[in-house]
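For reference, the structure is listed below as structure tokens.
Number of protein chains: 2
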Amino acid sequence: MTALLTDHYELTMVNAALADGTAGRRCVFEVFARRLPTGRRYGVVAGVGRLVDRIAGFRFRPDEIAYLSGRRIVDADTARWLADYRFTGDIDGYAEGELFFPGSPILTVTGTFAECVVLETLILSVLNHDSAVAAAAARMVTAARGRGLIEMGARRTHEEAAVAAARAAYLAGFAYTSNLAAGARHGIPTAGTAAHAYTLLHDDEPAAFAAQVATLGSETTLLVDTYDITQGIRNAISVAGPGLRAIRIDSGDLSVLAHQSRELLDSLGAPDTKIIVSGDLDEYAIAALAAEPVDMYGAGTSVVTGSGAPTAGLVYKLVEVDGRPVVKRSENKATVGGRKAAVRRHKPTGTATEEIVVSRGVPDHQPNDRLLQRAHLVGGEPVGRPTLAESREHLRQCLISIPWEGLKLSAGDPAVPVTAITAQ
Amino acid sequence: MTALLTDHYELTMVNAALADGTAGRRCVFEVFARRLPTGRRYGVVAGVGRLVDRIAGFRFRPDEIAYLSGRRIVDADTARWLADYRFTGDIDGYAEGELFFPGSPILTVTGTFAECVVLETLILSVLNHDSAVAAAAARMVTAARGRGLIEMGARRTHEEAAVAAARAAYLAGFAYTSNLAAGARHGIPTAGTAAHAYTLLHDDEPAAFAAQVATLGSETTLLVDTYDITQGIRNAISVAGPGLRAIRIDSGDLSVLAHQSRELLDSLGAPDTKIIVSGDLDEYAIAALAAEPVDMYGAGTSVVTGSGAPTAGLVYKLVEVDGRPVVKRSENKATVGGRKAAVRRHKPTGTATEEIVVSRGVPDHQPNDRLLQRAHLVGGEPVGRPTLAESREHLRQCLISIPWEGLKLSAGDPAVPVTAITAQ
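One line per chain: the protein sequences are A and B, in this order. Going by my numbering, the first residue of the first sequence is number 1, and it counts up by one from there. Going by my numbering, the first residue of the second sequence is number 1001, and it counts up by one from there.
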């Protein structure tokens, strides 16, 4: 963990603000998205749990301060301030797993200007990445219609981003990850058996399958498409018996191959052997396989890269200084200053109808309203931390609550409209 | 650094291969791309320097082995093997900063099956991420036509991916990064002055500018688009004088605003004050500003997310076992087994004409050929490590060497065709 996961300009601003006496002004920063990625109907708040840990541990080490001083990025007064830095303000916002829409005040950071401004990069990095992955993953979960999903994209993204991506995909409802660090750090179930290399290593496919079954038992998954899939399935059942847990197909026309494989497995007396498919699957490819006899999907590249939207478009803006609302004015971005309060309004049936965001006030109370903001840190200390499993269930409930159109994969309006109100 | 940045199936394969005696077979794995991302004419090898460090330090810690054993991912024999693990094989491949094309054997990993297979995820994570960023960044450098570029995308990607992205962008020719960790770890020049929040913090814009100039001097960049750009520029010169180094514009029609700003700065007697523009710039937007009076570009989201291609499409395939070429056969992927040797052929003028990739043999020697592979690790030890500055210059020379069509931003064939030859 390093406090240098920070942009140069944040420390330049701290330096100048310490010098002119404005560094201690009480500020409110807000994280929000001006728009959703093209084609999306909702965003998913993800990364909050990770972020809270990183903010609580955000310290400038002596060697880091020496670097900053040596490069004259900060002066001596600022170096001393950095040495004492810990965030002592308050952060509240949407729960991890909550949905968001354009204008939703996802995170509100309150404290002195200096202590808040240095967190901009860390906050946006974590939330932009994890929320992008979670939103893509949630669409895949919808497309999979109850069938299980394995996240196997670690090889397609930065090695540490891979761990965060696995966490975000699990949050969104994926059942497993291939990534062991994600398993160890976040308690996510991991899965994996063998690659084509394992079959190629052996003298022939039956020898490879026999060795795998000898070690892992028939409760394993045999990858059957290294040479010829039909023969691969015959070899698999011949070696493992009809109690084989699953086969995996990673290439070819998955729709046709799933059908042929199911028929073949059934004819070999293995009706309970599952079929797992993988290979460049995204939410559209998964949806297209809905009618095929597939039991589980493996998704890699598309989930870890946000399926076309690799960043969530979240920004971190100063909205209030010493109780005065502030807003950048040079173009019409419809941004409103001041601290916001947000509720989501529902029908008695539980379907969300509207999100009300009030600047410098509180929404009028109506039955079936749900407050969207909760405390994440108070006086710099983490509070009320949900488990990843709880956040996962929260997202599942949120997705049930939006109008059914919101779950369509096609482009459309945000699933829930946001009404912005300025109280004064 | 953790050896758990690894996929579950790698350890399952090691476990099964140790049990059946195949784990020690001499293997050759190869990293290559089947195709370039849509619209691209070349790829850029990036991340090699980072990767070599991570492979040399790849160890399974006791707590990691305890996790793997406790979850029954590995048995006792495999746990002992992991405890002793260090890579003792050889890795050679293309230099960092080298160009690649479909079928280029970018990296060749030689050793026992078990010691090589556990590196798949780490190798692909590092190379896929860094190469994706470098390729996008290189196109932006071309589009900028000699004007400087600042990478400022840390807020749009995972916090650690941001550091690697800054490194890859610098490799590709960017002049600065906003990311301080990239500066501290990799010696990359950092840049940054102030965000809109800094102006909003103050009672008015002149007060903000005055405080910034008091601290940083007139050798700074003032962000002039918080309220009104024309007034912002007047305030900037009024406060800093005509010796102000630069203004930055982060919103609006940058083409029009650059012109107006240049005229205004000139009329205010500040012809040497530079104009820096930023705000959702990608290679196409940068190219569209070529005729405008812009001095430097800031690029964020598009560079760190690979400008539409967030992963480089590199795969890690077993190509040889105990001297025998192997290849997956279930579909026509035109993949050739066996260890490869590669040269790039050039005209006497230095223009690259062809890349020759020979499986299980060596290319015939011709004048102006350049060998593309060099040793990265020998017996597990890093060798011949270029500096980041050397790799940066290597890429610059490579881009000069390709036919001019290869630098076009439009879609087209790979800049240099690859001829695959099987020697036997």
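Note that the Cβ used here is the ideal one computed from N, Cα and C, for glycine as well.
Check, Outcome
"Please confirm whether B:M1296 and B:R1392 have their CB atoms less than 8 angstroms apart.", "no"
"For A:T419, which option in A:R26, A:D364, A:A291, A:D280 has the closest C-alpha, if you only look at C-alpha atoms?", "A:D364"
"Strictly below 9 angstroms CB to CB, what residues from chain A border B:E1354?", "The contacting residues do not exist; B:E1354 stays about 30 angstroms from chain A at best."
"Note down, in chain order, every chain A residue with its Cβ under 7 angstroms from the Cβ of B:E1098.", "Neighbours of B:E1098 on chain A: none; closest Cβ ~21 angstroms, over 7 angstroms."
"So the candidates are B:L1036, B:D1092, B:G1024; which of them puts its Cα closest to the Cα of B:P1414?", "B:L1036"
"Tell me, please, whether the CB atom of A:T215 is closer than 8 angstroms to any CB atom in chain B?", "yes"
"B:D1130 by DSSP, collapsed to three states: which one?", "helix"
"To which residues of the same chain is A:Y170 closer than 6 angstroms at the C-beta, ignoring the five residues directly before and after it?", "I188"
"Which partner residues of A:I91 appear in the DSSP bridge assignment?", "A:V109, A:L377"
"Please return the same chain residues whose Cβ sits closer than 7 angstroms to the Cβ of A:T88, not counting the five positions on each side in sequence.", "G111, E115, G379, G380"
"Would A:P293 and A:A240 be called neighbours here (beta carbons separated by less than 8 angstroms)?", "no"
"With burial defined as no fewer than 16 other Cβ atoms inside 10 Å of the residue's Cβ, what is the status of B:I1150: buried or exposed?", "buried"
"So B:A1211 contacts chain A; which residues on that side make the cut at Cβ distance below 8 angstroms?", "A16, A17, A19, D20, T22"
"Looking at chain B, which residues of the region 283-308 of chain A have a Cβ within less than 7 angstroms of any of its Cβ atoms?", "T301, T305"
"DSSP three-state label for A:N368, please.", "coil"
"Please report the straight-line C-alpha distance between A:R385 and A:A285, rounded to a whole angstrom.", "36 angstroms"
"Do A:T215 and B:T1193 have their CB atoms nearer than 8 angstroms?", "no"
"Listed in chain order, which residues of the region 388-406 of chain A have Cβ atoms closer than 9 angstroms to some Cβ of chain B?", "none"
"Under a three-way DSSP split, which group does A:G183 fall into?", "helix"
"Is DSSP giving B:H1158 helix, strand or coil here?", "coil"
"Residues of chain B with CB under 7 angstroms from A:H8, in chain order?", "S1178, L1180, T1190, A1191, G1192"
"Along chain B, which residues have their Cβ under 7 angstroms away from the Cβ of A:M140?", "The contacting residues do not exist; A:M140 stays about 17 angstroms from chain B at best."
"Are there three or more Cβ pairs, one per stretch, closer than 8 angstroms when the region 172-181 of chain A is compared with the region 1015-1034 of chain B?", "no"
"Closer than 8 angstroms, Cβ to any Cβ of chain B: which residues of the region 106-118 of chain A, in chain order?", "F113, V117"
"Looking only at its chain, what residues have a beta carbon closer than 7 angstroms to the beta carbon of B:T1230, apart from the 5 residues adjacent to it on each side?", "L1264"
"What are the boundary residues of the beta strand (DSSP E) that A:I356 is part of?", "352-359"
"Which one or two residues does DSSP pair with B:K1317 in a beta bridge?", "B:E1030"
"Does the beta-carbon of B:V1256 have 16 or more other beta-carbons within 10 angstroms, so that it is buried, or is it exposed?", "exposed"
"Taking 8 angstroms as the cut-off, does the region 92-102 of chain A touch the region 39-55 of chain A (at least 3 CB pairs, one atom from each stretch)?", "yes"
"Smallest Cα separation from B:D1007: which of A:F101, A:L222, A:E159?", "A:E159"
"Show which residues of chain A have a CB atom less than 7 angstroms away from the CB atom of B:S1125.", "A154, R155, T157, H158, E159, A162"
"With 8 angstroms as the threshold, decide whether the Cβ of B:R1061 is near any Cβ in chain A.", "no"
"For a test of your reading of the model: does the CB of A:A66 fall under 7 angstroms from any non-hydrogen atom of the ligand NAD? Yes or no.", "Inclusion of the ligand NAD in the displayed structure is not the case, the ligand content being empty and no account of it being possible."
"Which whole-angstrom value describes the C-beta separation of A:V362 and A:A341, a residue pair presumed to lie in contact below a C-beta threshold of 8 angstroms?", "5 angstroms"
"Is the shortest distance between the beta-carbon of B:T1311 and the beta-carbons of chain A less than 8 angstroms?", "yes"
"Between the beta-carbon of A:R34 and the beta-carbon of A:P102, is there less than 8 angstroms?", "yes"
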